[in-house]
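Heads up, the thing below is written out as structure tokens.
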Amino acid sequence: MSSTTERYSIPASRFRCETEVERSRFITTVQEVTSQAEAQVFVAEIKAEFPDASHNCWAYLVGPPGSSDRIGLSDDGEPHGVAGRPMLTCLQHSGLGDTAMVVTRYFGGIKLGKGGMVKAYTGAAQSALEQLPRSLRICWIEALASFDYSLLTTLKLRLPDFEAEILSTDYAEKVCCRLRLPEEQLEAFQTMFSDLSAGQGKLEKL
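The sequence shown: position 100 = 105 (our numbering), numbered continuously.
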């Protein structure tokens, strides 16, 4: 199964913020997850941290932004559709991938009604996603390049154009370099390398 070749935003670290609606506290925790199992572990951790909460509602999305094939959600005892679904909708429109979210609610004594709860959970999710520090998910790969010594200097100068770096070099009959570069750059790098070596160099994805 090939991994996605796109880079996309993910949470930089676990992030938490709090909102209040009609004396109910909504504590939102967001974290990067790379699998559905990891998302479930995260949810279990937050539930264990807030065992006395009225509800720990959750949603997650594994894969690139907007993904819908590996998702999950739960209203955790709230009326159907007022928490997990609005939270997932916020996630799918956030530009983030590989993200799980739990909104912990401590009931404040004032009933919000279904519409009020949808608004409160949506607000809690949006507040966290707006403040969340983000980083980039890049799919790195390694490749082995074999070529004539005369090309080494030129090749080194071209590497930054493809965000590539040399991990190790073996000097034998030909120069053999182990490279690391983003998967999305591989095709363009192969074209450049083939042109540079007039088709005589060898490039193999590891």
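We put the CB at the ideal spot given by N, CA and C, even for glycine.
Gly118 lies in the alpha helix (DSSP H); which residues open and close that run? Gly118 to Gln136
Can you give the Cα-Cα distance for Cys220 and Asp175, rounded to whole angstroms? Because the chain spans 6 through 211 in this model, residue 220 falls outside it and cannot be assessed.
What first and last residue would you give for the alpha helix (DSSP H) that runs through Gly77? That residue, Gly77, is in no alpha helix (DSSP H); its beta strand (DSSP E) goes Ile76 to Ser79.
What residue from Leu141, Lys207 and Glu135 has the CA that sits closest to Ala148's CA? Lys207
I'd like the span of the alpha helix (DSSP H) that includes Ala193, first residue to last. Leu191 to Leu201
Label Ser18 either buried or exposed according to how many other C-beta atoms from any shown protein chain fall within 10 Å of its C-beta, with 16 as the threshold for buried. exposed
Cα separation between Ser47 and Trp63? Note that residue 47 corresponds to Phe in the displayed sequence, not to Ser. If I take the Cα positions, the gap works out to 10 angstroms.
Roughly how many angstroms lie between the CA atoms of Thr196 and Pro69, to the nearest whole one? 27 angstroms
For Ser79 versus Leu134, is the C-beta distance shorter than 8 angstroms? no
Starting from Val67, follow the alpha helix (DSSP H) in both directions and report where the run begins and ends. First-last for Val67: undefined, no H or E at that position.
Per-residue burial, Tyr126 [other beta carbons within 10 Å of its own, 16 or more giving buried]: buried
Let me know the secondary structure DSSP gives Ile171 once reduced to three states. strand
Is it buried or exposed for Asp153, if we count other Cβ within 10 angstroms and need 16 for buried? exposed
Less than 7 angstroms between C-beta atoms, sequence neighbours within five positions excluded: which residues of the same chain meet that for Arg75? Gln41, Val67 and Gly68
So, Pro16 versus Arg139, is the Cβ gap smaller than 8 angstroms? yes
Below 8 angstroms, how does it come out for the segment 20-30 and the segment 104-118: are there three or more Cβ pairs, yes or no? yes
Roughly how many angstroms separate the alpha carbons of Arg12 and Gln45, rounded to a whole number? 24 angstroms
Quick test of your reading: Leu191 and Ile146, contact by CB under 8 angstroms. State the CB separation rounded to the nearest angstrom. 6 angstroms
Hey, Met122 and Glu170: beta-carbon distance below 8 angstroms or not? no
If we ignore side chains and look at the alpha-carbon of each, how far apart do Val212 and Ala49 end up? Nothing in the structure corresponds to residue 212, since the chain is present only between 6 and 211.
With a Cβ-Cβ cutoff of 8 angstroms, do Pro187 and Glu209 count as a contact? no
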